[in-house]
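Visitor: Provided herewith is a single structure, encoded as structure tokens, for subsequent inquiry.
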Amino acid sequence: MTLDLVAPRRRPALPREGQRGETLRVRTLSAGATRGVLQFGGIVVPCALGRGGISRFKREGDGATPAGRFELLQVYYRRDRGGRPRSALPVAPLPRAGWCDAPGHPRYNALVPLPCAASHEDLWRDDPLYDIVVVLDCNLHPAVPGLGSAIFFHLARPGYTSTEGCVAVARADMERLLSACGPGAAIEIG
């Protein structure tokens, strides 16, 4: 199986505010909070954040959601759990693959075929969190070992319980947001 056909690719630099693309803005409800709000134009929805809150000093395994501005690179979806989300962003079926989180591995913070001997997160989950998952341009090009991996925008658990460092929203909100996103869209956290 070749994953490079659907792996996220680096795009040109993000546009400045007001040029092309749009920005989803994520703010916490309080310092160290694991819940927040995501605003995109007139859309305001609740979101789940990492168990470590938002951090400007993201490290592998700290459970924090990294602060910063990250482009939305690739939307993946589970074909067996729903239709293709409408979006002008690149959209592809979620491969039966993993995402390497082993800082010493050459494919750190990248899509890896399974089985994979290195530590990785399985993208084909039993729960619905990755039924729609968006790869963010966070520590990807180049991936610096130890500065965080598998930082995604994905679906939230009931009650918006904390993530391992991602931003998560309800499925209906995700579908609504993606339908309004186009090339150059980014998420600004913090």
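Going by our numbering, the sequence shown opens with residue 19, and the numbers climb by one from there.
Even for Gly, the Cβ is constructed at its ideal location relative to N, Cα and C.
Note that the structure is a prediction, hence the values are computed from the model and not measured.
#1: Return the residue from the list V151, V44, R175 that minimises the CA-CA distance to L107.
#2: Could you name the residues of the same chain whose beta carbon sits closer than 8 angstroms to that of R99, not counting the 5 residues immediately before and after it, in chain order?
#3: Secondary structure at E40, three-state DSSP: helix, strand or coil?
#4: Using only the alpha-carbon positions, how far apart do P64 and C134 sit?
#5: Could you tell me the alpha carbon to alpha carbon distance between L91 and F170, rounded to whole angstroms?
#6: How close, in whole Å, do the beta carbons of L173 and A186 come, if the pair is a contact with beta carbons under 8 angstroms?
#7: Classify G59 as buried or exposed, calling it buried when 16 or more other Cβ atoms lie within 10 Å of its own Cβ.
#8: How long is the line joining the alpha carbons of R74 and R96, rounded to whole angstroms?
#9: Checking the sheet assignment: what are the DSSP bridge partners for W117?
#10: Pairs of beta-carbons, one from the region 153–160 and one from the region 79–90, closer than 8 angstroms: are there three or more?
#11: Reducing DSSP to helix, strand and coil, say where E110 ends up.
#12: Once you ignore the five residues that flank H123 on each side, which residues in its own chain have a CB closer than 6 angstroms to its CB?
#13: Closer than 7 angstroms: is that where the CB of V185 sits relative to any heavy atom of the ligand MG?
#14: I need the boundaries of the beta strand (DSSP E) containing A193, first residue and last residue.
#15: So, at 8 angstroms on beta carbons, what are the nonlocal neighbours of A161 in its own chain, with the 5 sequence-adjacent residues on each side left out?
#16: Spatial neighbours of L85 within its chain, please: CB distance less than 7 angstroms, with the 5 preceding and 5 following residues excluded, ordered by chain position.
Guide: Looking at the atomic coordinates:
#1: V151
#2: P146, D149
#3: Here DSSP, grouped into helix, strand and coil, assigns E40 to coil.
#4: Each residue's Cα considered, the two are about 35 angstroms apart.
#5: 10 angstroms
#6: 6 angstroms
#7: exposed
#8: 32 angstroms
#9: Per DSSP, the beta-bridge partners of W117 are L129, E139.
#10: Counting Cβ pairs under 8 angstroms, three or more are found: they touch.
#11: Reading off the sequence shown, one finds Ala at residue 110, where the question assumed Glu. Correct three-state label for A110: strand.
#12: A136
#13: Within the structure as shown, the ligand MG is missing, as the structure has no ligands at all.
#14: Residue identity differs from the one stated: residue 193 is Glu in this sequence, not Ala. First-last for E193: 189–198, but that is the alpha helix (DSSP H), not the beta strand (DSSP E).
#15: Excluding positions up to five away in sequence, the list reads Y126, N127, A128, S167.
#16: Position check: residue 85 holds Ala in this sequence, whereas Leu was assumed. Excluding residues within five positions, the ones whose Cβ falls inside 7 angstroms are I72, S73, R74, I207, G208.
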